[in-house]
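Chemist:
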Amino acid sequence: MAAIDTIMHTFMGNFTDPRVVKWTMMGSPVPTLSIIAVYLLLVLFILPAFMKNRKPYQITQIIKIYNIFQVATCVTIIYNTLNSGWIQGEYSIGCAPVDYSDRPTAVKMVSQFYWLYLLKGAELIETVFFALRKKFNQISGLHVYHHASTFFLSYIGCKFIGGGMASVPLIVNSFIHVLMYTYYYLSSMGPRWQNVLKPWKPRLTMCQMIQFTLLIIHSLSALQPDCEVPKQFLLIYVPNVIVIFKMFYDFYQSSYTKSTKSKKNEQKNGLNGHKK
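When we follow our numbering, the leftmost residue of the sequence shown carries the number 1, and every step to the right adds one.
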């Protein structure tokens with residue numbers, strides 16, 4: 001296990017943030033990787049076997065509370081991040097090095113990265129919800145990879161690059177999640193709301209893909225020779241975002257584009273969604 005920590009620190013160089021190393025689960029990647037390993041075992045093997053001969057659990061109220069928690073937490077993170085240097089005029093959209101000092105705004109900024117890390121860990125429970133409700137079709141490769149990789153990347157982000165230009169993805173991602181979990185909460189209110197929100201489902205996926213595109217473009221400013229940010233992080237961050245973008249794109253194509261074309265063909269053939 002110590003070898004994992006050594007490899008990571010060797011790869012990232014001298015960018016370890018001394019302010020966070022004593023924070024819970026920040027000293028080593030082992031706790032984070034262990035949680036991910038348990039998560040994978042749980043949602044891919046243990047829970048499917050556990051639920052095989054059981055009825056789905058009715059946990060709608062718990063999920064509603066969880067969605068409200070997500071919206072409130074993401075709004076708080078956005079507000080605190082903006083008040084950790086952005087509103088004060090300390091940051092710009094382009095290259096912005098991390099402030100590793102103990103200034104109040106700098107410490108407040110890295111704290112938001114830590115809260116985001118904890119939040120991404122909490123999001124793993126969503127897959128457990130799917131399993132307990134026997135919604136195994138929603139436990140896709142995209143879903144599992146997205147949650148596991150984001151949790152690990154949030155650990156790296158907090159420990160090595162908790163501030164500066166990395167605060168842009170933090171704000172953008174939190175905003176997208178406000179939209180997502182608001183949608184999820186309203187959808188849980190019943191069929192009436194689900195019908196009202198139906199047109200927004202593909203739009204949310206599109207918002208995700210726009211987010212990934214903007215974040216990749218934004219990260220390129222770190223490649224400037226005089227931009228003092230850990231460029232090693234880009235070797236992990238950018239490929240991961242590209243992979244997730246591709247997964248979301250494939251999901252969008254299979255779930256929305258193809259179904260739309262199919263409906264048009266059915267209407268053209270006079271079937272109107274019903275087989276003769």
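Ideal Cβ placement from N, Cα and C applies to all residues, glycine included.
If you're wondering where the values come from, they're calculated on a predicted model, not measured in any experiment.
I need the straight-line Cα distance from residue 138 to residue 129, nearest angstrom please.
Modeler: Roughly 10 Å separates the two Cα atoms.
Chemist: Does the beta-carbon distance from residue 177 to residue 74 come in below 8 Å?
Modeler: In contact: residue 177 and residue 74 (Cβ atoms closer than 8 Å).
Chemist: My guess is that residue 84 and residue 109 are in contact by the Cβ rule of under 8 Å, so how many angstroms apart are they, rounded?
Modeler: Confirmed, about 4 Å.
Chemist: With a CB to CB cut of under 8 Å and the five nearest residues on each side skipped, what residues in its chain are close to residue 102?
Modeler: Excluding sequence neighbours, residue 102 sits near 19.
Chemist: Looking only at its chain, what residues have a beta carbon closer than 7 Å to the beta carbon of residue 31, apart from the 5 residues adjacent to it on each side?
Modeler: 25.
Chemist: Residue range of the alpha helix (DSSP H) that residue 207 falls in?
Modeler: 200-219 is the span of the alpha helix (DSSP H), which, as asked, contains residue 207.
Chemist: Can you tell me whether residue 230 is buried or exposed, with buried defined as 16 or more other CB within 10 angstroms of its CB?
Modeler: When all chains shown are included, residue 230 counts as buried.
Chemist: So, are the CB atoms of residue 170 and residue 112 less than 8 Å apart?
Modeler: Yes, these two residues count as a Cβ contact at 8 Å.
Chemist: Suppose you measure from the CA of residue 255 to the CA of residue 143; what does that come to, to the nearest Å?
Modeler: Cα to Cα, residue 255 sits roughly 14 Å from residue 143.
Chemist: How many angstroms separate the CA atom of residue 348 from the CA atom of residue 67?
Modeler: The shown model of the chain, from 1 to 276, leaves out residue 348, and the question about it has no answer.
Chemist: Consult DSSP for residue 67 and reduce its assignment to one of helix, strand or coil.
Modeler: Residue 67: helix per DSSP, three-state reduction.
Chemist: With a threshold of 16 other CB atoms inside 10 Å of the CB of residue 114, please say whether the residue is buried or exposed.
Modeler: Buried, since its Cβ has 16 or more Cβ neighbours within 10 Å.
Chemist: Based on Cα-Cα distance, which residue from 121, 72 and 17 lies nearest to residue 36?
Modeler: Ranking the options by Cα distance to residue 36, first place goes to 121.
Chemist: Using a Cβ distance threshold of 8 Å, determine whether the stretch 241-254 contacts the stretch 204-224, with at least three qualifying pairs required.
Modeler: Verdict: yes, contact present.
Chemist: So, with DSSP's three-state summary, where would you put residue 250?
Modeler: Residue state, collapsed to three classes: helix.
Chemist: Apart from the five residues on each side of it in sequence, which residues of its chain come closer than 7 Å, Cβ to Cβ, to residue 116?
Modeler: Only 77, 154 and 170 meet the Cβ criterion.
Chemist: Determine the direct distance from the alpha carbon of residue 247 to that of residue 39, and round the result to whole angstroms.
Modeler: Using only the alpha carbons, I get a separation of about 20 Å.
Chemist: What three-state label does DSSP hand residue 29 in the structure shown?
Modeler: Of the three classes helix, strand and coil, the one that applies to residue 29 here is coil, per DSSP.
Chemist: Answer with buried or exposed for residue 189, where buried requires no fewer than 16 other C-beta atoms within 10 angstroms of its C-beta.
Modeler: The residue is exposed, with fewer than 16 neighbouring Cβ atoms inside 10 Å.
Chemist: Between which two residues does the alpha helix (DSSP H) holding residue 158 run?
Modeler: Per DSSP, residue 158 belongs to the alpha helix (DSSP H) from 141-160.
Chemist: State the Cα-Cα distance for the pair residue 34 and residue 118, rounded to the nearest angstrom.
Modeler: Cα to Cα, the separation comes out at about 15 Å.
Chemist: Starting from residue 173, trace the alpha helix (DSSP H) in both directions and tell me its first and last residue.
Modeler: Note, residue 173: alpha helix (DSSP H), 167-187.
Chemist: Measuring only the C-alpha atoms, how far is residue 50 from residue 14?
Modeler: Approximately 45 Å, taken between the alpha carbons.
Chemist: Determine the contact status of residue 105 and residue 167, defining contact as a CB-CB distance below 8 Å.
Modeler: The answer is no: Cβ separation not under 8 Å.
Chemist: Consult DSSP for residue 58 and reduce its assignment to one of helix, strand or coil.
Modeler: Coil at residue 58, not helix or strand.
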